[in-house]
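Engineer: Sharing a structure below in structure tokens format, with a few things to ask.
Number of protein chains: 2
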Amino acid sequence: MTDAQHRFTDAERDAVYRAIELRRDVRHFTPSPPLPDGQLERLLQAAHQAPSVGLMQPWRFMRLSVPAWRERLVPLVEAERLRTAEALGERGATFMQLKVEGLRDCAELLAVVLAPDDGTVFGRRSLPREMAWCSAACAVQNLWLAARAEHLGMGWVSMFDPVELARVLRLPTGSEPLGLLCLGPVDRFYDQPMLEETGWRHRRPLNDMLMETPRDAD
Amino acid sequence: MTDAQHRFTDAERDAVYRAIELRRDVRHFTPSPPLPDGQLERLLQAAHQAPSVGLMQPWRFMRLSVPAWRERLVPLVEAERLRTAEALGERGATFMQLKVEGLRDCAELLAVVLAPDDGTVFGRRSLPREMAWCSAACAVQNLWLAARAEHLGMGWVSMFDPVELARVLRLPTGSEPLGLLCLGPVDRFYDQPMLEETGWRHRRPLNDMLMETPRDAD
Chain A
180 MTDAQHRFTD
190 AERDAVYRAI
200 ELRRDVRHFT
210 PSPPLPDGQL
220 ERLLQAAHQA
230 PSVGLMQPWR
240 FMRLSVPAWR
250 ERLVPLVEAE
260 RLRTAEALGE
270 RGATFMQLKV
280 EGLRDCAELL
290 AVVLAPDDGT
300 VFGRRSLPRE
310 MAWCSAACAV
320 QNLWLAARAE
330 HLGMGWVSMF
340 DPVELARVLR
350 LPTGSEPLGL
360 LCLGPVDRFY
370 DQPMLEETGW
380 RHRRPLNDML
390 METPRDAD
Chain B
180 MTDAQHRFTD
190 AERDAVYRAI
200 ELRRDVRHFT
210 PSPPLPDGQL
220 ERLLQAAHQA
230 PSVGLMQPWR
240 FMRLSVPAWR
250 ERLVPLVEAE
260 RLRTAEALGE
270 RGATFMQLKV
280 EGLRDCAELL
290 AVVLAPDDGT
300 VFGRRSLPRE
310 MAWCSAACAV
320 QNLWLAARAE
330 HLGMGWVSMF
340 DPVELARVLR
350 LPTGSEPLGL
360 LCLGPVDRFY
370 DQPMLEETGW
380 RHRRPLNDML
390 METPRDAD
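Encoded structure:
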């Protein structure tokens, strides 16, 4: 490709920023038929184009959209929701009023799974588990943004006992489930993150995210 | 916003997919002055728009672009590069010929840091470290894609001893460095991942990433 072919127009650049800005963690889905195969494949291909440490590509996806699987997974998430409410103490009652997943209503339900460690050393000798998780998370973020651009919502459900979920999904030894991804047409895209709209918690200004550089080497 | 305002045009959708497809982990930078503040702020704002479990927003960024800091960090990365080569055994010599970072040449050098655990329970009671790391990785992926749309390259360097790096950066107790991000104008965007171009490792087909669903609940 020439340099010009590598460049993004202003409109293209704005579209990327727009997807980043409007992407939401969605829990309210419009019950819909499964996505067309071509569309789901596009989304998974976007996930698979993520960076990964040492090119290890540790992400795996399992499609769990049939009703029988949803019914099997709902109680696992519900059990963890109750444990979460208990751990939250006095905020537990408020928490229980929030919708935290859309397992039954989403068009597609996927598990994102970390493959058994393949022994990759490049870039992860000192941070082996962390860099595998990070690579898988980059894949999920790609999927999220691609979905948003296709006017589909996604929710990353991480309320489950990972050992129990691995057992139910019959994951190979060493595999770890990172999330249940609810994906599909939505009632609406929240204008703000749902936890902010409901008053649970607020976003902080960018400035709070910037750490001062220690002065001693300046 | 109305439903129409929430939709992406075909051209916008294609731009998002294009950024996802053309993003690369870059190690070859064109030495350049620091990015204009407005541009760096746009990129960091994109990172800060990432999803996070329980809206914990655990990502922090430290700007380390002054030459003195680069010189201080290069030996840390070099030490880990040598340890990696040793751990790689017979592939160590080949590894040593690869360029694994652009700390001295990139326009901007940032550390991405995980904030000390704030005790967020929502969505991470059973996966506390994993979900914090995954949230921060989503922020980095946003930054990566935004940079690509701005015709800037980025490389995520994870070759360092995290305890040593935390000490040098004087991170607060409980904080963990996730990466050194090299960011800026590039010589060229690789057509394939650099590790693939150099023959180190190859991408696998999407089909290899799809796990079969256990049949027992169908």
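In order, the protein sequences belong to chains A and B.
In our numbering, each residue carries its 1-based index in the first sequence increased by 179.
In our numbering, each residue carries its 1-based index in the second sequence increased by 179.
In this text, a Cβ means the ideal position worked out from N, Cα and C, and glycines have one as well.
(1) Gln228(B): which of Ser244(A), Ala286(A), Ala266(A), Met388(A) sits nearest, CA to CA?
(2) Checking contacts by CB at 7 Å: is Gly302(A) closer than that to chain B?
(3) For the stretch 184-205 of chain B, which residues have a CB atom closer than 9 Å to at least one CB atom of chain A, in sequence order?
(4) Give the interface partners of Asp284(A) over in chain B, defined as CB-CB distance under 8 Å, in chain order.
(5) Along the chain, where does the beta strand (DSSP E) that runs through Gly298(A) open and close?
(6) Going by C-alpha distance, which of Ser305(B), Leu350(B), Ala198(B), Trp238(B) is nearest Ala264(A)?
(7) Beta-carbon of Phe208(A) versus every beta-carbon of chain B: anything under 7 Å?
(8) Can the beta-carbon of Leu385(B) be found less than 7 Å from the beta-carbon of Gln224(A)?
(9) For Asp397(A) and chain B, any beta-carbon pair shorter than 7 Å?
(10) Could you tell me whether any Cβ in chain B is nearer than 7 Å to the Cβ of Leu359(A)?
(11) With a threshold of 6 Å on Cβ separation, who are the neighbours of Arg203(B) within its own chain once the five nearest residues in sequence on each side are excluded?
(12) Counting only runs of 3+ residues fully inside the stretch 316-377 of chain A, write out the beta strand (DSSP E) ranges in chain order.
(13) Any beta carbon of chain A sitting closer than 7 Å to that of Leu344(B)?
(14) Let me confirm a value: Pro230(A) is counted as buried when at least 16 other C-beta atoms fall within 10 Å, else exposed. Which label applies?
(15) Between which two residues does the beta strand (DSSP E) harbouring Val279(A) extend?
(16) For chain B, is any of its Cβ atoms less than 7 Å away from the one on Asn386(A)?
(17) For Glu200(A), does the count of other Cβ atoms within 10 angstroms reach 16, so buried, or fall short, so exposed?
(18) Bridge partners of Ala290(A), per DSSP?
(19) Beta carbon of Val365(A), beta carbon of Gly332(A): below 7 Å?
(20) For Val232(A), which residues of its own chain have a beta-carbon under 6 Å away from its beta-carbon, when the five flanking residues on both sides are left out?
(21) Assuming the contact rule is C-beta atoms closer than 8 Å, Trp312(B) and Leu324(B) should be a hit. Round their C-beta distance to whole Å, please.
(22) Using a beta-carbon distance cut-off of less than 8 Å, what residues from the stretch 252-280 of chain B approach chain A?
(23) Counting only beta-carbon separations shorter than 7 Å, does Ala326(A) have a partner in chain B?
(24) Under the DSSP definition of a beta bridge, which residues are partnered with Met390(B)?
(25) If you run the structure through DSSP and keep just helix, strand and coil, what is Asp131(A)?
(26) Return the chain-ordered list of same chain residues with a C-beta closer than 6 Å to the C-beta of Pro237(A), the five sequence neighbours on each side being excluded.
(27) Mind checking Glu287(A): buried by the 16 CB within 10 Å criterion, or exposed?
(28) On the three-pair Cβ rule with 8 Å, is the stretch 271-280 of chain A touching the stretch 340-352 of chain B?
(29) Is it true that the stretch 336-345 of chain B meets the stretch 180-191 of chain B, where meeting means three or more beta-carbon pairs spaced less than 8 Å apart?
(30) Among Leu243(A), Thr209(A), Gly298(A), Arg383(A), which has the Cα closest to the Cα of His330(A)?
(31) Verify the CB distance criterion: does Glu309(A) have a CB-CB separation below 7 Å to chain B?
Structural biologist: Judging by the given coordinates:
(1) The residue given as residue 228(B) occupies position 49 in the second sequence. With distances taken between Cα atoms, Gln228(B) lies closest to Met388(A).
(2) On the first sequence, residue 302(A) is found 123 positions in, with the first residue counted as 1. Yes - at least one Cβ of chain B is within 7 Å of the one on Gly302(A).
(3) His185, Arg186, Phe187, Thr188, Ala190, Glu191, Arg192, Asp193, Ala194, Val195, Tyr196, Arg197, Ala198, Ile199, Glu200, Leu201, Arg202, Arg203, Asp204
(4) In the first sequence, counting from the first residue as 1, residue 284(A) sits at position 105. What Asp284(A) touches in chain B: nothing, since even the nearest Cβ is about 18 Å away.
(5) Here residue 298(A) refers to the residue found at position 119 of the first sequence. Counting along the chain, Gly298(A) falls outside any beta strand (DSSP E), and DSSP gives it neither H nor E.
(6) Start at 1 with the first residue of the first sequence, and residue 264(A) comes out as number 85. Ala264(A) has its Cα closest to that of Ser305(B), out of Ser305(B), Leu350(B), Ala198(B), Trp238(B).
(7) As a first step, residue 208(A) is located in the first sequence; it is residue number 29 there, counting from the start. Cβ-Cβ to chain B under 7 Å: no for Phe208(A).
(8) Start at 1 with the first residue of the second sequence, and residue 385(B) comes out as number 206. Start at 1 with the first residue of the first sequence, and residue 224(A) comes out as number 45. Yes, these two residues count as a Cβ contact at 7 Å.
(9) Taking the first residue of the first sequence as position 1, residue 397(A) is located at position 218. Residue placement at Asp397(A) is flagged as unreliable, the pLDDT there being 47, under the threshold of 50; a coordinate-derived value is accordingly withheld.
(10) Locating residue 359(A) in the first sequence gives position 180, where the first residue counts as 1. Output row for Leu359(A): interface = no.
(11) Mapped onto the second sequence, residue 203(B) falls at position 24. These residues qualify, in order along the chain: Phe368, Tyr369.
(12) 332-336, 355-363
(13) Counting from one through the second sequence, the residue named residue 344(B) turns up at place 165. No - not a single Cβ of chain A is within 7 Å of the one on Leu344(B).
(14) Locating residue 230(A) in the first sequence gives position 51, counting from the first residue. Pro230(A) is buried by the Cβ-count criterion.
(15) For the purposes of this step, residue 279(A) is taken as the residue at position 100 of the first sequence. Looking at the DSSP string, Val279(A) is not in any beta strand (DSSP E), and its letter there is neither H nor E.
(16) What you label residue 386(A) is simply residue 207 of the first sequence in a count that begins at 1. Not closer than 7 Å to any Cβ of chain B, the Cβ of Asn386(A) fails to qualify, so no.
(17) Mapped onto the first sequence, residue 200(A) falls at position 21. Glu200(A) comes out exposed.
(18) As a working mapping, residue 290(A) is identified with position 111 in the first sequence. In the DSSP output, where bridge partners are listed per residue, Ala290(A) has Met241(A), Leu359(A).
(19) Here residue 365(A) is taken as the residue at index 186 of the first sequence, counted from 1. Here residue 332(A) is taken as the residue at index 153 of the first sequence, counted from 1. Yes, the pair counts as a contact, with Cβ atoms nearer than the cut-off.
(20) Position 53 of the first sequence holds residue 232(A). The answer, listed in chain order, is Gly302, Arg303, Met310, Ser314.
(21) As a working mapping, residue 312(B) is identified with position 133 in the second sequence. As a working mapping, residue 324(B) is identified with position 145 in the second sequence. Actually they are not in contact, since the Cβ atoms of Trp312(B) and Leu324(B) sit about 19 Å apart, beyond 8 Å.
(22) Glu259, Arg262, Thr263, Ala266, Leu267, Phe274, Val279
(23) The residue given as residue 326(A) occupies position 147 in the first sequence. For Ala326(A), the answer is no, since every Cβ of chain B falls outside 7 Å of its Cβ.
(24) Mapped onto the second sequence, residue 390(B) falls at position 211. DSSP lists Met241(A) as partners of Met390(B).
(25) A question about residue 131(A) goes unanswered here, because the residues of chain A that appear run from 180 up to 397.
(26) Numbered from its first residue, the first sequence carries residue 237(A) at position 58. Leu293, Ala294, Ala311, Ser314, Ala315, listed in sequence order.
(27) Numbered from 1 along the first sequence, position 108 holds the residue referred to as residue 287(A). Looking at its Cβ environment, which holds 16 or more other Cβ atoms inside 10 Å, Glu287(A) is buried.
(28) No, the stretch 271-280 of chain A does not touch the stretch 340-352 of chain B.
(29) In short, these stretches do not touch, since the Cβ pair count stays below three.
(30) Residue mapping note: residue 330(A) aligns to position 151 of the first sequence, counting from 1. For His330(A), the nearest C-alpha among the options comes from Thr209(A).
(31) As a first step, residue 309(A) is located in the first sequence; it is residue number 130 there, counting from the start. It does; some Cβ of chain B falls within 7 Å.
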